[in-house]
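Numbering (my numbering), first residue to last: 2 to 392.
We put the CB at the ideal spot given by N, CA and C, even for glycine.
Take a look at the structure below.
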């Protein structure tokens with residue numbers, strides 16, 4: 002017997018999710034002739050909620066396969082079951098109740114405004130698709146002999162540098178600015194902050210790291226690009242980084258902010274993430290990392306981010322010989338757009354903010370002398386485990 006579980010985060014977004022459930026969700030379920038077998042209300046300590054859900058799954062011997070979740074993006078990534086029930090398959094209906102709702106708005110992009118589309122698909126036995134999961138890990142240096150630990154599972158985004166600092170600072174603005182406005186305020190506060198680190202990009206199933214070529218509007222193996230070594234399977238990038246952000250499952254982080262647009266425009270293969278990188282050292286006018294250089298780069302970074310609001314036009318921006326940004330020509334792309342199976346981030350010890358890692362809104366700190374790793378996995382269509390979302 003299939004059981005229907007309802008999970009509600011009462012404090013996500015503008016904290017109206019409980020009222021929305023009473024007014025819209027439960028009536029829709031009832032009208033379809035269904036009932037909710039169990040309701041979970043998330044707590045501040047999400048690990049406690051996850052444990053309660055795992056206990057329920059075990060007690061029902063895997064009979065639960067349909068879950069309605071009313072929350073923002075961060076809640077979903079904190080709900081994977083414990084190892085004892087990792088083989089269970091959960092089919093999810095998403096009801097957006099968060100601030101940005103990246104996953105829902107990527108599946109049902111604007112101008113659609115109906116929050117019940119995924120639920121309606123569940124109730125009518127509509128189609129679903131598997132979600133790629135990103136696994137973020139933190140590792141201390143070998144001499145610490147502590148191994149690595151899971152920082153979090155991602156259904157949406159993993160980032161460092163500017164985006165991680167924005168999420169880190171925006172939490173203190175949540176009560177005063179519950180909307181996405183708080184992210185823009187935090188962005189202004191961090192406009193000159195760069196992250197000093199080095200990065201390794203890991204190949205996908207083809208054996209290559211793929212990089213987007215704006216000229217051909219396609220992905221090519223990094224070895225075919227003059228910007229990267231011809232014979233290296235792993236691509237090494239040196240900082241500083243003004244922007245470093247990867248996504249799975251989504252092409253946007255807000256309804257209008259298409260930061261990884263090629264996830265929809267040129268669909269990826271399984272087990273990959275989209276990665277957007279901005280390195281000021283690629284700017285022809287860049288000489289040294291100085292306070293003046295960082296101030297001079299701010300308008301260019303804002304042009305990149307503002308272009309993401311224009312249906313993802315930032316991926317075609319190029320540098321002119323004088324370092325100005327143009328939307329055509331033969332200059333270097335301002336944005337490096339990669340498709341890979343994962344990455345490793347090695348922050349410079351002296352850069353405290355470079356040690357921040359954001360995973361679906363949750364902030365972790367990379368150990369001193371350590372690194373962060375991100376890897377992806379996508380279940381097969383016939384898999385009897387993992388997350389699937391109704392579309």
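query: Where do the N-terminal and C-terminal ends of the beta strand (DSSP E) with residue 248 fall, by residue?; result: 244-248
query: With a threshold of 16 other CB atoms inside 10 Å of the CB of residue 187, please say whether the residue is buried or exposed.; result: buried
query: List in chain order: all unbroken beta strand (DSSP E) runs of 3+ residues lying wholly within the stretch 215-276.; result: 219-222, 236-239, 244-248
query: Return the chain-ordered list of same chain residues with a C-beta closer than 6 Å to the C-beta of residue 195, the five sequence neighbours on each side being excluded.; result: 241, 243
query: Got a sec, what are the start and stop residues for the alpha helix (DSSP H) residue 392 sits in?; result: Where residue 392 is concerned, there is no enclosing alpha helix (DSSP H), given that its DSSP letter is neither H nor E.
query: Taking just the CA atoms, how far does residue 19 sit from residue 327?; result: 47 Å
query: With a floor of 3 residues, list each beta strand (DSSP E) that falls wholly inside the stretch 8-38, ordered by position along the chain.; result: none
query: Put residue 161 into one of helix, strand or coil per three-state DSSP.; result: strand
query: Taking DSSP as the reference, what is the three-state secondary structure of residue 129?; result: strand
query: Can you tell me which of the three DSSP states residue 300 falls into?; result: helix
query: Consult DSSP for residue 91 and reduce its assignment to one of helix, strand or coil.; result: strand
query: Assuming residue 236 and residue 202 make a contact with CB atoms under 8 Å, what is their CB distance in whole Å?; result: 4 Å
query: Thinking C-beta only, is residue 325 closer than 8 Å to residue 315?; result: no
query: Just list the residues that DSSP pairs residue 376 with in beta bridges.; result: 136, 343
query: Under a three-way DSSP split, which group does residue 198 fall into?; result: strand
query: According to DSSP, is residue 75 part of a helix, a strand, or is it coil?; result: helix
query: How close, in whole Å, do the beta carbons of residue 4 and residue 38 come, if the pair is a contact with beta carbons under 8 Å?; result: 4 Å
query: What three-state label does DSSP hand residue 310 in the structure shown?; result: coil
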